Amino acid sequence: MIQFDHISKQYGDFTALKDLNLTLENGEIFGLIGHNGAGKTTTISLLTSIIEPTNGSILVDGLELSQHRDEIKKQIAYVPDSPDIFLNLTAREYWNFLATIYGVDHETAKERIDSLSLLFDIKERQYETIDSYSHGMRQKTIIIGALIPNPDIWVLDEPLTGLDPQASFDLKEMMKEHAQKGNTVLFSTHVLSVAEQLCDRIGILRKGEIIFVGTLDELKNQYPNKDLETIYLELAGRQTEVKVGEDE
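The C-terminal residue of the sequence shown carries number 248 in UniProt numbering, and the numbering is unbroken.
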């Protein structure tokens with residue numbers, strides 16, 4: 001279980017996240033939904049210890065993150081919102097590096113690397129440097145690196161961006177399987193169809209505030225006779241009516 005307890009994040013006068021209270025249960029896929037700048041990456045960065053909150057606390061299985069940071073970080077697989085990291089390493093060097101950091105033994109690491117690189121169709125290019133890859137190939141490299149340790153919590157920031165249809169399908173199936181085993185998957189997206197397909201529950205963020213937490217069925221029941229996109233835009237976005245052929 002992951003608990004965000006009255007979490008806020010300030011950058012000077014700017015509030016990136018305001019009084020977030022949220023609980024993620026074991027065995028669920030939870031989707032953070034929102035426009036760019038809504039607070040999705042800030043929330044993920046706080047859980048992964050990239051940044052620290054201005055106020056509030058985060059607990060993972062009852063342990064406070066600020067007091068048990070190293071222990072909790074080893075329970076988390078993290079895919080950032082940009083795959084442009086460690087560009088001078090080969091994919092294989094990067095994967096071995098992460099396996100070492102997480103304490104994965106050599107044989108287990110080799111088996112997982114071989115299996116995942118074959119699944120994501122990157123095995124034949126694993127000894128090339130990451131900077132030579134396309135965006136999609138870099139994304140696959142980062143995803144494989146995150147999954148090698150196979151920890152309980154997967155934290156994925158826009159993980160499907162740049163993936164080809166097969167890789168996207170395979171990752172979504174892996175997310176489902178991971179949650180079915182009693183683990184937790186937290187991911188961010190602004191693609192509503194992906195959230196509808198994958199999520200047990202969602203949280204909608206708008207300008208740093210959580211404005212809805214629940215299932216998509218619960219959301220739809222609150223707004224009968226409206227499609228999901230319309231509901232989302234009314235809650236989190238700004239609708240602009242465009243009339244073709246009329247003067248401004």
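Glycine residues also receive a C-beta, built at the ideal position from the N, C-alpha and C atoms. On a predicted model such as this, the values are computed, not experimentally measured, just so you know.
Cutoff 6 Å; reference residue i; Cβ partners in own chain excluding five residues on either side
i, result
"Gly208", "Thr15, Ala16, Leu17, Lys18, Gly39"
"Ile51", "Ser45"
"His135", "Gly162"
"Ile113", "Trp95"
Cutoff 7 Å; reference residue i; Cβ partners in own chain excluding five residues on either side
i, result
"Val213", "Leu22, Arg201, Gly203"
"Val244", "Unreliable placement is indicated for Val244, whose pLDDT of 41 sits below 50; no coordinate value is reported for it."
"Glu25", "Met1"
"Glu173", "none"
Own chain, CB closer than 8 Å to residue i, minus 5 neighbours either side, in chain order
i, result
"Leu119", "Asp170"
"Leu63", "Glu71, Ile72"
"Ala236", "Ile33, Gly34, His35, Ala38, Ile204, Leu205, Arg206, Ile211"
"Asp131", "Leu87, Asn88"
"Arg69", "Ser49"
"Asp247", "Any reading at Asp247 needs caution, since the residue's pLDDT is 43, under 50, leaving its predicted position unreliable; the model's value is listed next. Answer for Asp247: no residue qualifies."
Start and end residues, alpha helix (DSSP H) containing residue i
i, result
"Asn96", "91 to 101"
"Val104", "Val104 -> no alpha helix (DSSP H), and no H or E assigned at all."
"Glu52", "Note, Glu52: premise wrong, no alpha helix (DSSP H); not H, not E."
"Arg138", "135 to 147"
Residue of the options minimising C-alpha distance to residue i
i, options, result
"Ser188", "Val79, Gly27, Glu128, Thr100", "Val79"
"residue 255", "Glu107, His106, Glu124, Gly31", "Summary: the structure shown does not reach residue 255, with the chain confined to residues 1 through 248, and so no result is reported for it."
"residue 294", "Glu124, Ala91, Thr184, Met175", "For residue 294 there is no data in the structure shown, the boundaries of the chain being 1 and 248."
"Pro165", "Thr90, Gly182, Met137", "Met137"
"Ile85", "Tyr133, Leu59, Val60", "Tyr133"
"Glu158", "Ser82, Gly56, Thr43", "Ser82"
"Val155", "Glu28, Gln10, Ser8", "Glu28"
Residue i: first and last residue of the uninterrupted beta strand (DSSP E) it sits in
i, result
"Gln75", "First-last for Gln75: undefined, no H or E at that position."
"Ser187", "The question names Ser, but residue 187 is Phe in the sequence shown. 184 to 189 is the span of the beta strand (DSSP E), which, as asked, contains Phe187."
DSSP bridge partner residues for residue i (one or two, in chain order)
i, result
"Thr15", "Gln10"
"Ile211", "None, per the DSSP bridge assignment."
With a cut-off of 8 Å, do at least 3 Cβ pairs link the stretch 84 to 96 to the stretch 133 to 144? yes
Is it the case that the stretch 147 to 165 contacts the stretch 69 to 76, given that we only count it when at least three CB pairs across the two stretches are under 8 Å? yes
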